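Student:
Protein chains: 2
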Amino acid sequence: MSKHSETLSKRTAFHSLRGDWASRQQIGYLMQQGVDYPDCLSLAAGLVDYDSLPIETTRESLERLLTEPRLARQALQYGTTSGSKALRQTLLDYLALLDGITPGELNIPPERCLITTGSQQFLDLVTQALFNPGDICLVGDPTYFVYLSTLEAAGVTALGVACDHHGVIPAAIDETLRQLERAGTLGRVKMLYLVTYFDNPRGVTMTESRRREVLELLERWESHQHIYLLEDAAYRELWFEAPPPPSCLSLDSTRERVILTQTFSKSLSPGLRTGWGILPHKLVKPVTDLKSVHDFGSPHLAQFLILDLIQTGRYQQHTAMLRQSYRNKRNAIWKALEQEIFVLPGMSADCPAGGMYVWLTIPPGGCNTRFEGTLFPECAQREKVMFVPGELFFADRSHPSADVTMRLSFGVQNESNLAEGIRRLARGLRQQLGG
Amino acid sequence: MSKHSETLSKRTAFHSLRGDWASRQQIGYLMQQGVDYPDCLSLAAGLVDYDSLPIETTRESLERLLTEPRLARQALQYGTTSGSKALRQTLLDYLALLDGITPGELNIPPERCLITTGSQQFLDLVTQALFNPGDICLVGDPTYFVYLSTLEAAGVTALGVACDHHGVIPAAIDETLRQLERAGTLGRVKMLYLVTYFDNPRGVTMTESRRREVLELLERWESHQHIYLLEDAAYRELWFEAPPPPSCLSLDSTRERVILTQTFSKSLSPGLRTGWGILPHKLVKPVTDLKSVHDFGSPHLAQFLILDLIQTGRYQQHTAMLRQSYRNKRNAIWKALEQEIFVLPGMSADCPAGGMYVWLTIPPGGCNTRFEGTLFPECAQREKVMFVPGELFFADRSHPSADVTMRLSFGVQNESNLAEGIRRLARGLRQQLGG
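Quick look at the structure:
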């Protein structure tokens, strides 16, 4: 708790402690870099592809909706805090389909489904409802950096556990829990947070056997400490080769250990700001109560639009098209990496089978990838290309990999810009590495 | 802090303290009453009128927006946390117009304007960014009960100050601050919250001179304690006879003492969940940082829609129509009150000059208006009409007026239902009062 006491003594009189914690987030710094270097070709931004946004589909659906007076009135009126029940039922059916089981086998009532303002709000609500300041959350090393800020804003300590090409390593979780038990702080561990599909930043998907191992491990620890798994499945639908494994939620026979969240920001449109999630019974009331205090419920109109798109099959058509579009972009950035980057000594990355990120590792000792290193300003100022330094993704920013890693996004740039961006990055790297 | 410690010891292992605070909110209980008595004619619900929702206007605007590829792409992409800058600039111009001054005289940059998911999110963000648990907020007695829950969810103590027909009473604020100073807790008072136009629940608007008196009072106390005024102007545009006085914000020459919020939920459509507010310089970063943690920004599509409606003048046409529509409903409920209620001894209410609420006071000693009294179940179960008990609107629910007051809404029911609802209420009252 020393970190928090320190903050308390330093803070100015007119902000709350929670306001101070929130101010440490890194996304603001990153966005400021985008503002400071506006002429950069950004491989940093997590925006989605402009050309595949569902303009016509949205127009048609809203036209249908707003020419049906009964539906239109409902869509423009207040909804409930949890969101449209019809949409929540439809999402559960859709989830069962993704998981290759029947809705009856999934066996989750709509009361456990919550519609939120993007999956970010779901992540934040769960965090606020579950954790007290000083509590502990385990996260993959590396992990989605915005969630690290969400934890920090709630005064929660994030502890990183090692990952490999199959996802998080169960033995690493086990070892961390043993250490915490010895230190007497196991009782503060409430949750394990994982991006389970084409993760941000590495592009790695947890294998089915790894999912089962992690669930078994949490079950073994149950008698010592109840630990939830928060499964962030934001990129689940953006697969390129084959559908990914079932969700951890569906593999957990208790249906109470896993908190799942998905979003329409990546698979449809971020401008609708609609995400959703499944809560364990015990968290339904606290999370919904908090959401009620935050905003009474997310925009109703967007919920009606999404319900229409799923019911008419247009959403499914759209995600099929998106998979093709992002696969082409993955191919473009990968080809450029092979031609420009992998020819340099010691460079490595895994080819992502979905999502929108490549996690690049550079050889140690040459230069480092941090904001305050020499590579980032070289690239941003001289070569006019921007990446996200790997340091942002580690719970402990002094992690050795934080010196030699970066995230490259192929989400927003078109294929020709991706190739150009990688050429610029290669020039910056050669300059810095003396190649 | 004893209240908080008590909560801490009672709470179950799997919820946070903040989750517990949020669970005390009353709106959930109220909505449950609506579920328990579905055949009731509700004079309780804060929903807006269905028949005047802007269906056609919304359809046309979205059609314009989504057939313009450049705009459509922006609307469907991520925006910034603060919201569309074009909309924020337009809102400042609109605010200046409402306040009868030029944008130059208003002199507030768009950086100080934040777009939120309804004004509720603005209220919650300000509360979280400003207050630490144990801090104090002054509120009108009675006041908007949802905001009392927002304060409670942040662990803030609400202290009620008396109001009259001109708004909050400056001498009552002054006396409360003196008492707090003597008790040594003045340093915890961060803010005064007021619904300054056609308030919820009383329908009263603060007069211009009262606004100036309150601002002067806060200025006098400045050397002892800096206290913000949070001005909730949700019902500002729903005036029936004449435009109401300028905002407290515009009357404060420093432009730094008043935090203002307005919403499109009442004046356009709650289904868009779009509100906005003006922050003092010192709170811009903490509040925006918190919003970034909560959701990265409110739905972009709704922001583009609202910008279009204001720029084309359709929003202004719509609010003019709404004023007529709600005036007719006010006339209907008032006529029914005169015929059915005011003929009973000791009944009183002020005729609202705007908004959507009537605050009815019944004679003391006969029956009480609380959920647990005999009138509420008599009305809900037998007469099939529902009101909101006055107790919800008092910071201290043991306030004597909490026994004899109720809020009646003329927002959602049509004119004939309003008359019928009042007839039912009159029967319930006569039954209970033995009239």
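Heads up: the protein sequence lines correspond to chains P and B, in order. For reference, each letter of the first sequence is one residue, going 1 to 435 in my numbering. For reference, each letter of the second sequence is one residue, going 436 to 870 in my numbering. Yeah, the Cβ is synthetic: ideal placement off N, Cα and C, and Gly gets one too. Bear in mind that the values here come from a model prediction, so they are computed numbers and not experimental data.
(1) Helix, strand or coil for A607 (chain B)? Go by DSSP, reduced to three states.
(2) How about A233 (chain P) and Y193 (chain P): do their beta carbons lie closer than 7 Å?
(3) For C351 (chain P), is the classification buried or exposed, using 16 other Cβ atoms within 10 angstroms of its Cβ as the cut-off for buried?
(4) Contact between the segment 156-167 of chain P and the segment 314-324 of chain P: three or more CB pairs below 8 Å?
(5) Anything in the segment 123-138 of chain P with a Cβ closer than 7 Å to a Cβ of chain B? List those residues in chain order, please.
(6) Can you list, in chain order, the residues of its chain whose CB lies under 7 Å from that of K445 (chain B), leaving out five sequence neighbours each side?
(7) Skipping 5 residues on each side, what residues in its chain have a beta carbon closer than 6 Å to that of A479 (chain B)?
(8) Mark A564 (chain B) as exposed unless 16 or more other C-beta atoms lie within 10 angstroms of its C-beta, in which case mark it buried.
(9) Just to confirm before moving on: does the CB-CB distance between A767 (chain B) and L853 (chain B) stay below 7 Å?
(10) Can you give me the Cβ contacts of V780 (chain B) inside the same chain, cut-off strictly under 7 Å, excluding the 5 residues immediately before and after it?
(11) Can you give the beta carbon distance from L860 (chain B) to I776 (chain B), rounded, assuming they're within the 8 Å contact cut?
(12) State yes or no: is the beta carbon of D295 (chain P) nearer than 7 Å to at least one beta carbon in chain B?
(13) Helix, strand or coil: which one does DSSP assign to S644 (chain B)?
(14) Return the residues of the segment 179-197 of chain P that lie within a Cβ-Cβ distance of less than 7 Å from chain B, sorted by chain order.
(15) 7 Å is my cut-off, CB to CB: does Y78 (chain P) come that close to chain B?
(16) Have a look at the DSSP bridge pairing and note the partners of C163 (chain P).
(17) Strictly below 8 Å CB to CB, what residues from chain P border R523 (chain B)?
(18) Could you pull the start and end residues of the beta strand (DSSP E) that D570 (chain B) belongs to?
(19) Which residues does DSSP list as the beta-bridge partners of A158 (chain P)?
(20) Specify the secondary structure class of R407 (chain P) as computed by DSSP and reduced to three states.
(21) Here's the rule I'm using: 16 or more other beta-carbon atoms within 10 Å means buried, otherwise exposed. How should L863 (chain B) be labelled?
(22) In whole angstroms, what separates the C-alpha of D39 (chain P) from that of L375 (chain P)?
(23) Out of curiosity, what's the CA-to-CA distance linking G638 (chain B) and K625 (chain B)?
(24) Report yes or no: do three or more beta-carbon pairs, one from the segment 276-288 of chain P and one from the segment 256-265 of chain P, lie closer than 8 Å?
(25) Use the C-beta contact count for M841 (chain B): other C-beta atoms within 10 angstroms, 16 or more gives buried, fewer gives exposed.
(26) Within 10 angstroms of the Cβ of N107 (chain P), are there 16 or more other Cβ atoms? Answer buried if so, exposed if not.
(27) Could you confirm whether any beta carbon from chain P is found closer than 7 Å to the beta carbon of H659 (chain B)?
(28) Nearest to R499 (chain B) by alpha carbon, out of B:S836, B:L742, B:L843?
(29) Put D232 (chain P) into one of helix, strand or coil per three-state DSSP.
(30) Residue range of the alpha helix (DSSP H) that Q774 (chain B) falls in?
(31) Among B:L725, B:R690, B:R671, whose alpha-carbon lies nearest the alpha-carbon of S702 (chain B)?
(32) Any C-beta of chain P sitting closer than 7 Å to the C-beta of I662 (chain B)?
(33) Where do the ends of the alpha helix (DSSP H) carrying Y582 (chain B) lie?
(34) Whole angstroms is fine: what's the gap from T274 (chain P)'s alpha carbon to L612 (chain B)'s?
(35) Using C-beta distances below 7 Å, list every residue in its chain close to T723 (chain B), excluding the 5 sequence neighbours before and after it, in chain order.
(36) Rounded to a whole number of angstroms, what is the C-alpha to C-alpha distance between S401 (chain P) and D20 (chain P)?
Tutor: If we stick to the structure as given:
(1) On the second sequence, position 172 is the one that residue 607 (chain B) refers to. Note: A607 (chain B) maps to helix in three-state DSSP.
(2) Locating residue 233 (chain P) in the first sequence gives position 233, where the first residue counts as 1. Locating residue 193 (chain P) in the first sequence gives position 193, where the first residue counts as 1. Taking 7 Å as the Cβ cut-off, A233 (chain P) and Y193 (chain P) do not qualify as a contacting pair.
(3) The count along the first sequence starts at 1 and reaches residue 351 (chain P) at position 351. The residue is exposed, with fewer than 16 neighbouring Cβ atoms inside 10 Å.
(4) no
(5) D124, Q128, A129, L130, F131, N132
(6) Counting from 1 along the second sequence, the entry for residue 445 (chain B) is found at position 10. For K445 (chain B), the predicted model reports a pLDDT of 36, less than 50, meaning its position is unreliable; a value from the coordinates is still stated below. Contacts found: none.
(7) Counted from its first residue, the second sequence places residue 479 (chain B) at position 44. Cβ within range, chain order: M821, F822, V823.
(8) Residue mapping note: residue 564 (chain B) aligns to position 129 of the second sequence, counting from 1. So A564 (chain B) counts as buried.
(9) Position 332 of the second sequence, counted from the first residue, corresponds to residue 767 (chain B). Position 418 of the second sequence, counted from the first residue, corresponds to residue 853 (chain B). It is a contact, given that the beta carbons lie within the stated cut-off.
(10) For the purposes of this step, residue 780 (chain B) is identified with residue 345 of the second sequence, where counting begins at 1. The sequence as given places Pro at residue 780 (chain B); Val does not occur at that position. Counting only Cβ-Cβ distances below 7 Å, and skipping sequence neighbours, we find P798.
(11) Position 425 of the second sequence, counting from 1, holds the residue named residue 860 (chain B). Position 341 of the second sequence, counting from 1, holds the residue named residue 776 (chain B). Sure, about 7 Å apart at Cβ, within 8 Å.
(12) For the purposes of this step, residue 295 (chain P) is taken as residue 295 along the first sequence, with counting starting at 1. Under the Cβ distance rule, D295 (chain P) counts among the residues neighbouring chain B, one pair being separated by less than 7 Å.
(13) For this step, residue 644 (chain B) is matched to residue 209 along the second sequence. Reduced to three states, the DSSP call for S644 (chain B) is helix.
(14) none
(15) Taking the first sequence and counting its residues from 1, one reaches residue 78 (chain P) at position 78. Closer than 7 Å to some Cβ of chain B, the Cβ of Y78 (chain P) qualifies, so yes.
(16) In the first sequence, the residue the question calls residue 163 (chain P) occupies position 163. In the DSSP output, where bridge partners are listed per residue, C163 (chain P) has P:V168.
(17) Reading the second sequence from its first residue, position 88 is the one you call residue 523 (chain B). The premise fails here: R523 (chain B) is roughly 17 Å from chain P at the closest Cβ pair, so nothing lies under 8 Å.
(18) Mapped onto the second sequence, residue 570 (chain B) falls at position 135. Looking at the DSSP string, D570 (chain B) is not in any beta strand (DSSP E), and its letter there is neither H nor E.
(19) Indexing the first sequence from 1 puts residue 158 (chain P) at position 158. Bridge partners of A158 (chain P): P:C137.
(20) Numbered from 1 along the first sequence, position 407 holds the residue referred to as residue 407 (chain P). Looking at R407 (chain P) - three-state DSSP - the assignment turns out to be strand.
(21) For this step, residue 863 (chain B) is matched to residue 428 along the second sequence. At residue 863 (chain B) the sequence reads Gly, which differs from the Leu that was named. The Cβ neighbour count for G863 (chain B), taken over all protein chains shown within 10 Å, is at least 16; the residue is labelled buried.
(22) In the first sequence, counting from the first residue as 1, residue 39 (chain P) sits at position 39. In the first sequence, counting from the first residue as 1, residue 375 (chain P) sits at position 375. The alpha-carbon atoms of D39 (chain P) and L375 (chain P) are separated by roughly 17 Å.
(23) Taking the first residue of the second sequence as position 1, residue 638 (chain B) is located at position 203. Taking the first residue of the second sequence as position 1, residue 625 (chain B) is located at position 190. Rounded to the nearest angstrom, the two C-alpha atoms are 26 Å apart.
(24) Taking 8 Å as the limit for Cβ pairs, the verdict is that the segment 256-265 of chain P does touch the segment 276-288 of chain P.
(25) Along the second sequence, read from residue 1 onward, the residue named residue 841 (chain B) stands at position 406. Buried.
(26) The sequence position of residue 107 (chain P) within the first sequence is 107, counting from 1. N107 (chain P) comes out exposed.
(27) Here residue 659 (chain B) is taken as the residue at index 224 of the second sequence, counted from 1. Not one chain P Cβ lies under 7 Å of H659 (chain B).
(28) The residue given as residue 499 (chain B) occupies position 64 in the second sequence. The candidate whose alpha carbon is nearest that of R499 (chain B) is B:L742.
(29) In the first sequence, the residue the question calls residue 232 (chain P) occupies position 232. In the structure shown, D232 (chain P) sits in a strand (DSSP, three-state: E or B).
(30) By one-based count along the second sequence, residue 774 (chain B) stands at place 339. It is not in any alpha helix (DSSP H) - Q774 (chain B) carries neither H nor E in the DSSP assignment.
(31) Residue mapping note: residue 702 (chain B) aligns to position 267 of the second sequence, counting from 1. Here the closest residue by C-alpha is B:R671.
(32) Start at 1 with the first residue of the second sequence, and residue 662 (chain B) comes out as number 227. No - not a single Cβ of chain P is within 7 Å of the one on I662 (chain B).
(33) For the purposes of this step, residue 582 (chain B) is taken as residue 147 along the second sequence, with counting starting at 1. Its alpha helix (DSSP H) spans residues 580-588.
(34) What you label residue 274 (chain P) is simply residue 274 of the first sequence in a count that begins at 1. What you label residue 612 (chain B) is simply residue 177 of the second sequence in a count that begins at 1. Computed Cα separation, rounded: 44 Å.
(35) Working through the second sequence from its first residue, we reach residue 723 (chain B) at position 288. Same-chain partners within the cutoff: T516, S517, L549.
(36) As a first step, residue 401 (chain P) is located in the first sequence; it is residue number 401 there, counting from the start. As a first step, residue 20 (chain P) is located in the first sequence; it is residue number 20 there, counting from the start. Cα atoms of S401 (chain P) and D20 (chain P): separation of roughly 28 Å, rounded to the nearest angstrom.
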